[in-house]
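Each residue of the sequence shown is one higher than the one before, starting from 642 at the first, in this note's numbering. Scroll down for the structure; my scribbles are underneath it.
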Amino acid sequence: MNVFIDKLRKEQNLTDEQIEQLLSTDEYDRELFASALEIREKYYGRQVFIRGLIEISSFCRNDCYYCGIRRSNANASRYRLTAEQIMECCRNGYGLGFRTFVLQGGEDPWFNDERMCSIVKAIKDEYPDCAVTLSLGERTRESYERLFLAGADRYLLRHETADEEHYRRLHPEDMSLSSRQRCLRDLKEIGYATGSGFMVGSPGQTIETLVKDIRFLQELEPDMIGIGPYLRHKDTPFRDCANGSMEMTLRLIGLLRHLFPKALIPSTTALGTIHPQGREMGMLAGANVVMPNLSPLDVREKYELYDDKICTGDEAAECRKCLENRMAMTGFEIVVGRGDRA
642 MNVFIDKLRK EQNLTDEQIE QLLSTDEYDR ELFASALEIR EKYYGRQVFI
692 RGLIEISSFC RNDCYYCGIR RSNANASRYR LTAEQIMECC RNGYGLGFRT
742 FVLQGGEDPW FNDERMCSIV KAIKDEYPDC AVTLSLGERT RESYERLFLA
792 GADRYLLRHE TADEEHYRRL HPEDMSLSSR QRCLRDLKEI GYATGSGFMV
842 GSPGQTIETL VKDIRFLQEL EPDMIGIGPY LRHKDTPFRD CANGSMEMTL
892 RLIGLLRHLF PKALIPSTTA LGTIHPQGRE MGMLAGANVV MPNLSPLDVR
942 EKYELYDDKI CTGDEAAECR KCLENRMAMT GFEIVVGRGD RA
């Protein structure tokens, strides 16, 4: 076995220089992925956990330079789901076997604590055997506490980059890395199953900034880690930048599986967008979660974080069946359940 892979398996860590070397070449990929798959199978077998994604709003107060629903994008189609629409998505998803609902949206002040707590409580009252995951960006600690008391179980908040200079390149002056990191620490302290992560190949990212991302994740010790390739959007300042690399994304999934053996790591829609078998390849690199879309069909194309997003026209039942078949062909089994961390 390669010395890097052997050290990863024994110590669940590498030096900065070793991480840089591992990420800089495809020389170790085959052993890395095979080893990551063994670790995944140790804790999760060949099971794939499904999350029902409900994109509740395409309004956002932020103006992140990489995002298609950024505040200043006048071409973006804006919408908000009503509480009734969100509950209907959950009813549809529950009938299809989903036991985790992920409510994701831009940082939309309309979805204040009162409205969100009411929605979370309604979901938990009707589906007490389900987990509710929120992905609504930065909020105050008090807000996170109120949502947790209302019944929210998990919270996803990608830190995007742990390098201050890189963060400044991706975000406007009214946003800060320290604020994002504070939010993540608040979520952990409150008791959420907390998820973080980053885009792979975002403009200005280097191997050195990726090492900083990994070190921040090791400090945070998240339950979930979401990474996917950066994909450009035509109505952003980065419209002419290159997309992120599928190969680097898979390599990082493999590395993260070693560093966080029990983590819940999704194989993202962005991976499926950049390559027809991207999500299956993510599973073979060590991922164990997929997130089919339960949003109403008439809004899916409006939640356009990047160009050419897949599955915007699929009914939820079609998407679930398609993923089930695709996973089965790769030797994985989609399972019904909350899919909590081992």
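All C-beta atoms in this analysis are idealised placements derived from N, C-alpha and C, irrespective of residue type, glycine included.
For residue i, name the three-state secondary structure that DSSP assigns.
i, result
"E974", "strand"
"L797", "strand"
"L905", "strand"
"E696", "strand"
"R711", "coil"
"M840", "strand"
"T850", "helix"
"R787", "helix"
"A803", "coil"
"T914", "helix"
"R780", "coil"
"R687", "coil"
"F857", "helix"
"S886", "coil"
"A928", "coil"
"F645", "helix"
"E672", "helix"
"L979", "Rather than Leu, the amino acid found at residue 979 in this sequence is Arg. Looking at R979 - three-state DSSP - the assignment turns out to be coil, as it is neither helix nor strand."
"G845", "coil"
"E679", "helix"
"N716", "coil"
"E965", "helix"
"D985", "With the chain covering only 642 through 983, there is no way to say anything about residue 985."
"H812", "coil"
"R898", "helix"
"R892", "helix"
"E956", "coil"
Just the Cα atoms here: how many angstroms apart are residue i and residue j?
i, j, result
"I760", "F739", "18 Å"
"I710", "D647", "43 Å"
"A911", "E696", "15 Å"
"C705", "M642", "43 Å"
"K683", "G927", "11 Å"
"G746", "N929", "23 Å"
"E965", "E814", "43 Å"
"Y768", "N934", "19 Å"
"P907", "I951", "16 Å"
"L905", "M924", "12 Å"
"I680", "N753", "41 Å"
"C708", "T971", "32 Å"
"F690", "E658", "34 Å"
"E937", "I831", "The sequence given here has Pro at residue 937, not Glu. Near 32 Å, if we compare the C-alpha coordinates of I831 and P937."
"I660", "E862", "18 Å"
"E806", "G954", "38 Å"
"G778", "S784", "11 Å"
"T656", "N733", "47 Å"
"T723", "C824", "26 Å"
"R719", "L744", "17 Å"
"C701", "H916", "28 Å"
"V931", "D667", "25 Å"
"S819", "A969", "42 Å"
"K762", "E959", "29 Å"
Would you grab the beta carbon distance between residue i and residue j for me? Rounded to a whole angstrom, and I think it's under 8 Å.
i, j, result
"R892", "C882", "Actually they are not in contact, since the Cβ atoms of R892 and C882 sit about 20 Å apart, beyond 8 Å."
"S676", "H899", "7 Å"
"R799", "G867", "6 Å"
"K943", "S699", "5 Å"
"L678", "Y669", "14 Å between Cβ atoms; not a contact."
"K875", "D939", "The pair is not a contact, with the Cβ atoms about 22 Å apart (cut-off 8 Å)."
"F879", "P844", "5 Å"
"M757", "L790", "With a Cβ gap of about 12 Å, M757 and L790 do not count as contacting."
"I834", "R692", "It should be noted that the sequence gives Ala, not Ile, for residue 834. At roughly 12 Å, the Cβ-Cβ gap does not stay under 8 Å, so A834 and R692 are not in contact."
"D854", "T802", "6 Å"
"G792", "V841", "So it is not a contact: roughly 33 Å between Cβ atoms."
"R782", "D749", "Going by Cβ atoms, the distance from R782 to D749 rounds to 19 Å, so no, they are not a contact pair."
For the beta strand (DSSP E) holding residue i, just list the boundary residues, first then last.
i, result
"I831", "Where I831 is concerned, there is no enclosing beta strand (DSSP E), although the alpha helix (DSSP H) it sits in stretches over L818 to I831."
"M865", "M865 to P870"
Pull up the DSSP beta-bridge partners for residue i, would you.
i, result
"N934", "L694"
"V743", "L694 and T774"
"Q653", "According to DSSP, Q653 bridges with nothing at all."
"Q662", "None; Q662 has no bridge partner."
"T599", "Look at the range of the chain in this structure, 642 to 983, and you will see that residue 599 is not part of it."
"R1030", "Residue 1030 cannot be examined here, being either before or after the span of the chain that is shown, 642 to 983."
Where do the ends of the alpha helix (DSSP H) carrying residue i lie?
i, result
"I951", "Run containing I951: none; DSSP gives neither H nor E here."
"R702", "Note, R702: premise wrong, no alpha helix (DSSP H); not H, not E."
"G736", "A724 to G736"
"C758", "D754 to E767"
"M924", "G919 to L925"
"L946", "No alpha helix (DSSP H) contains L946, which DSSP labels as neither H nor E."
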